[in-house]
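**Student:**
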Amino acid sequence: MSVRKLEQVAPFYFCVDVGQYTGVSAASYEDFLASIKRVDVKSLSFHVDRGDFENWVLDVLKDERLAKEIGKLRNRKLRGQALRNRLYRIVSERCKELTK
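Counted from 1, the sequence shown has number 4 at position 1 by the numbering used here; the numbering is strictly sequential.
1. Using the C-alpha atoms, what's the distance from K103 back to R3?
2. Which two residues bound the contiguous alpha helix (DSSP H) that contains S70?
3. Between S46 and T25, how many whole angstroms is the CB-CB distance? I'm expecting something under 8 Å.
4. So I73 packs on E96, CB below 8 Å; how close in whole Å?
5. Using C-beta distances below 8 Å, list every residue in its chain close to V42, excluding the 5 sequence neighbours before and after it, in chain order.
6. Considering only the beta carbon of each residue, do G83 and V44 sit closer than 8 Å?
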C-alpha cells in the first residue's frame, strides 16, 4: 500500500461537534497542515478524541505511520494550543519525510 503524497484525495471536513462544520476542509497533506494552523482548537480536540484524523489518514492517505503517531495524541490529553502545536509538528515532520 503506497502513501498518497501530494495528490488531492477525499477531503476531511473539520467540525467542532457532530453536524457542526467549520467551513474548513483538507484534501492533501498540505491542506491538512494549513488547516491545523487555522481551524478552531475545539475542532482539533473533537477529531483527535474521536479518532477521526487517524481514520482519515489511514483510509484516505494510506499512511499507517502518521495515523499511529496521531493516535498517540489521544492518550496524551493535550488541549488548546499545545494540541495544535503537537499535531502540526507530527504532520509537518511526516510531510518533510515524504518529500525527501
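All residues carry an ideal CB built from backbone N, CA and C; glycine is no exception.
**Tutor:** From the atom records:
1. Any question about residue 3 goes unanswered here, given that the chain covers just 4 to 103.
2. The sequence shown places Ala at residue 70, not Ser. Note, A70: alpha helix (DSSP H), 67-79.
3. Under the criterion of beta carbons closer than 8 Å, S46 and T25 qualify as touching, at roughly 5 Å.
4. Wrong, their Cβ atoms sit about 12 Å apart, outside the cutoff.
5. F17, T25, V27
6. yes
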